[in-house]
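Peer 1: The sequence shown maps to residues 1 to 525 in UniProt numbering. Every residue gets a Cβ at the ideal spot worked out from N, C-alpha and C, and that includes glycine. Everything numeric in this text was worked out from a predicted model, so none of it was measured. Let me begin by handing over the structure; questions about it come next.
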Amino acid sequence: MVGVAGRSKACHTCKERKIKCGGEKPDCANCVKSGRLCAGYRRKQAFIISQYTNTSITQSGQGKLQSAYESGAAPVLLSRWRRDESARPLSSSPYTPGTRLSQHRGPSHSNMPSSISLRNVSRDQFLAFYIDDQCPSSSLRQAHLSKHRKWLLHLASISSLSPALEHAILAVSTAKFGQKCQYEALASQSLPLYTRGLRELQRAINNPISRCDSQTITACVMLGMYEFSECPGRTVGGYMKHYQGAMTLLQLRGPGQHVNGLAHDMFQVLRMHTVYQGLRQRQATILVQPEWMEEPYASKPKSSHDVLLDIFLQIPSILARMDTLLSIPRHQDVVIGISDLLTSCLALDEKLKSWFLAYQSATGSLYWPELSTTPSITDHPELGKTFPVSFHFPSYAVAESIVLYWTVQVLLHAQICGLRFKLFKRSQGAAETAEGVLLGTATGPSGHQAEWPQTSARYVCQSVEYFLGNKFQNIGPGSILPPLIVVRTCLSALPKDWTRETSWINEMIGRIQNMGANLAEHTNI
């Protein structure tokens, strides 16, 4: 009998569906036929910690656990226990299951629970796998990752997940687990979890209270990450909808609500997305407004990476001003506009130079060259490799900042060279006019200046091998993809023939897609 305590022999999936179960093992016929994941027949267990437990034995066991975590030998573990508030408190220890992740947010002083939810444990195991894939243990131990890359670790500290965030986490986690372990049955379950997450997110947005909760915007970002990795619609539209929705929620909350905690993490994540989405839209975003530049950092100073993003966020407004100039009918107004825009670009370039000098002074060695070992279809028996030398970095955090710096250089120097060339051409055609007087000192870009964008573009390409290394798992390919797309777009607008380099970039983007970023095929700037 299904649903009758003590008599039902059905699997847990059939129990939830309230249908008759055949009892086949290891998977029942109903689940196999319907394509569902059979949850098995194992009964739920509850572990009750007695108040009379020998404390000396407990402390010795915790001591062994502590040494294992400190050595880094223990695997990623998470636990979100349901605590019985009526139970007598037990002596707590800062080293509980989940210590490895908890050490990034301070020691936990919660009491040991009297019961464990199998649902929570299963969910947390999937989340642990996903976090380890996105934030590899070796990188965390060696402090390779920037602070803005560690936001996933904070999900472990949430005692109660909202339905939207829970299903978003399960969707991305099961998809990644199924992909890594080549378990198609599990990977196929990620799409129903994703659609359920969409429904729960809509419910949360419709509620005026939960709409402004930090978990709601986090769920929106997580569902966007699912679109990035799985791209079920084979289009960038789904990802863009999640990004736009998250930005709308960000505006509703206001800059003062993103000072610390998970809310600040989401602000940082959306800043990274916005610098590239602004290039696609060619217009300034709200994040360049003074209140959004300052208020979220009221409780903590900006890092060097944050300052670099401040500079990057100015590029879309430059592109918007360029588009406006092209629509002005009067030539003299165009010339004045080009001169003003060139002045703004040169001022921003000075800020970029100052940032680099300060970062180099604080960091020391930034990168070094090594012979490339990555084969490519563009390799030629006579010409050799397209990029025979690759760059390596002292840490992932340095690599990410320097590649972002080169990406800004590509965009900014391309605009500077283009504006100088436009002024030079107009000065040649207006020597005897009032416009010619304005352009009397205009000169075209020198040969050295014309190569600035090309040099920075090559540097980005020479960094790809480092990011695609196995030690960074999935975080590396996802980070280098946007700069590669920027470089590909800029090379297409530069003089000379860049067919070979563009083919190499397309090959690398294809590899990134095969590594789990299915949106790569449909993304452009």
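Would you kindly work out how many angstroms separate the C-alpha atoms of Thr378 and Pro483, rounded to a whole number?
Peer 2: About 20 angstroms.
Peer 1: Nearest-angstrom Cα distance between Lys176 and Ala187?
Peer 2: Each residue's Cα considered, the two are about 7 angstroms apart.
Peer 1: Give me the residue from Gly40, Leu423, Ser157 and Ser344 with the minimum Cα distance to Val334.
Peer 2: It is Leu423.
Peer 1: So Leu419 and Leu342 are in contact, right, with Cβ under 8 angstroms, and what is the actual spacing, rounded?
Peer 2: Right, their Cβ atoms sit about 4 angstroms apart.
Peer 1: Could you give the first and the last residue of the continuous alpha helix (DSSP H) run that contains Val486?
Peer 2: Ile475 to Ala493 is the extent of the alpha helix (DSSP H) around Val486.
Peer 1: Throw me the rounded Cβ distance for the Thr523 and Ile485 pair, which I believe falls under 8 angstroms.
Peer 2: Between Ile485 and Thr523 the Cβ distance is about 6 angstroms, and since that is below 8 angstroms, they are a contact.
Peer 1: If I follow the unbroken alpha helix (DSSP H) through Phe467, where does it start and stop?
Peer 2: Unbroken alpha helix (DSSP H) run through Phe467: Val464 to Phe467.
Peer 1: What is the residue span of the alpha helix (DSSP H) that residue 529 lies within?
Peer 2: With the chain represented from 1 up to 525, any question about residue 529 goes unanswered, as that position is not in the structure.
Peer 1: Output needed for Leu371: all residues of its chain with C-beta closer than 8 angstroms, excluding positions within five of it in sequence on either side, in chain order.
Peer 2: Pro388, Val389 and Ser390.
Peer 1: Please go through the same chain and pick out, in chain order, the residues whose beta-carbon is closer than 8 angstroms to the beta-carbon of Met266, but skip the five residues on each side of it.
Peer 2: If we look at Met266 and ignore the five residues flanking it on each side, its Cβ neighbours are Trp151, Ser214, Ile217, Thr218, Val221, Ala246, Leu250 and His258.
Peer 1: State whether the segment 160-177 contacts the segment 494-506, with contact taken as three or more CB pairs (one from each stretch) at a distance under 8 angstroms.
Peer 2: Contact fails: fewer than three Cβ-Cβ distances are below 8 angstroms.
Peer 1: Please classify Gly516 as buried or exposed, where buried requires at least 16 neighbouring CB atoms within 10 angstroms.
Peer 2: That one is buried.
Peer 1: May I ask you to list the residues that DSSP assigns as paired with Gly384?
Peer 2: Its beta-bridge partners are His380.
Peer 1: Using the C-alpha atoms, what's the distance from Gly237 back to Asn207?
Peer 2: Computed Cα separation, rounded: 25 angstroms.
Peer 1: At the level of alpha carbons, what is the spacing between Lys496 and Leu127?
Peer 2: So the alpha carbons of these two residues sit roughly 48 angstroms apart.
Peer 1: Would you give the residue range spanned by the beta strand (DSSP E) that Pro369 belongs to?
Peer 2: That run of the beta strand (DSSP E) goes Trp368 to Leu371.
Peer 1: Can you tell me which of the three DSSP states Leu404 falls into?
Peer 2: It is helical.
Peer 1: Helix, strand or coil for Ser503? Go by DSSP, reduced to three states.
Peer 2: If DSSP states are grouped into helix, strand and coil, Ser503 belongs with the helices.
Peer 1: Among residues of its own chain, excluding the 5 on either side of Gln409, which ones have a beta-carbon nearer than 6 angstroms to its beta-carbon?
Peer 2: Within the same chain, Gln409 has close Cβ partners Ser456.
Peer 1: Just grab the DSSP bridge partners of Ser390 for me.
Peer 2: Ser390 pairs with Glu370.
Peer 1: Using a Cβ-Cβ distance cut-off of 9 angstroms, determine whether Tyr183 contacts chain C.
Peer 2: In the structure shown, chain C does not exist; there is a single protein chain.
Peer 1: Around the C-beta of Ser190, are 16 or more other C-beta atoms found within 10 angstroms, so that it is buried, or is it exposed?
Peer 2: When all chains shown are included, Ser190 counts as buried.
Peer 1: Would you call Val76 buried or exposed, if buried means 16 or more other Cβ atoms sit within 10 Å of its Cβ?
Peer 2: Note that Val76 has pLDDT 38, beneath the 50 cutoff, so the model's placement of it is unreliable and no number is given.
Peer 1: Where does the unbroken alpha helix (DSSP H) through Ile318 begin, and where does it stop?
Peer 2: Taken as a continuous stretch (DSSP letters only), the alpha helix (DSSP H) holding Ile318 covers Ile315 to Leu326.
Peer 1: Given Ile19, which residues of its chain have a CB within under 6 angstroms of its CB, disregarding the five upstream and five downstream residues?
Peer 2: Answer for Ile19: no residue qualifies.
Peer 1: Counting along the chain, where does the alpha helix (DSSP H) carrying Asn30 start and finish?
Peer 2: It spans Ala29 to Ser34 - the alpha helix (DSSP H) in which Asn30 sits, taken as one unbroken run.
Peer 1: So is Arg83 buried or exposed if we call it buried at 16+ other beta carbons inside 10 Å?
Peer 2: Residue placement at Arg83 is flagged as unreliable, the pLDDT there being 38, under the threshold of 50; the coordinate-derived value follows with that caveat. Classification of Arg83: exposed, given that the 10 Å Cβ count is below 16.
Peer 1: Please name the residue in Lys385, Val464 and Pro232 whose C-alpha comes closest to that of Met508.
Peer 2: Nearest of Lys385, Val464 and Pro232 to Met508, Cα basis: Val464.
Peer 1: Where does Glu200 land, buried or exposed, given buried means 16+ other C-beta within 10 angstroms?
Peer 2: It is buried - the Cβ of Glu200 has at least 16 other Cβ atoms within 10 Å.
Peer 1: Based on Cα-Cα distance, which residue from Gly254, Tyr466, Arg149 and Leu411 lies nearest to Ser317?
Peer 2: Looking at the Cα atoms, Leu411 is the closest of the given residues.
Peer 1: Suppose you measure from the CA of Gln462 to the CA of Arg321; what does that come to, to the nearest Å?
Peer 2: Those two C-alpha atoms are separated by around 32 angstroms.
Peer 1: Between the alpha carbons of Thr99 and Leu262, how many angstroms are there, rounded?
Peer 2: Confidence at Thr99 is low in this model, with a pLDDT of 40, below 50, so its placement is unreliable and the value that follows should be read with caution. The straight-line gap from Cα to Cα measures roughly 19 angstroms.
Peer 1: For Thr499 and Cys490, what's the separation of their Cα atoms in angstroms?
Peer 2: Going from the Cα of Thr499 to the Cα of Cys490 covers about 13 angstroms.
Peer 1: Please look up how many angstroms separate the CB atoms of Ser229 and Asn518, rounded, as I've assumed it's under 8 angstroms.
Peer 2: With a Cβ gap of about 6 angstroms, Ser229 and Asn518 count as contacting.
Peer 1: Can you tell me where the alpha helix (DSSP H) with Arg280 in it begins and where it stops?
Peer 2: That run of the alpha helix (DSSP H) goes Gly261 to Gln281.
Peer 1: What whole-angstrom Cβ distance do Gln277 and Tyr243 have, given they're in contact under 8 angstroms?
Peer 2: Right, the Cβ-Cβ distance comes to about 6 angstroms (below 8 angstroms), so this counts as a contact.
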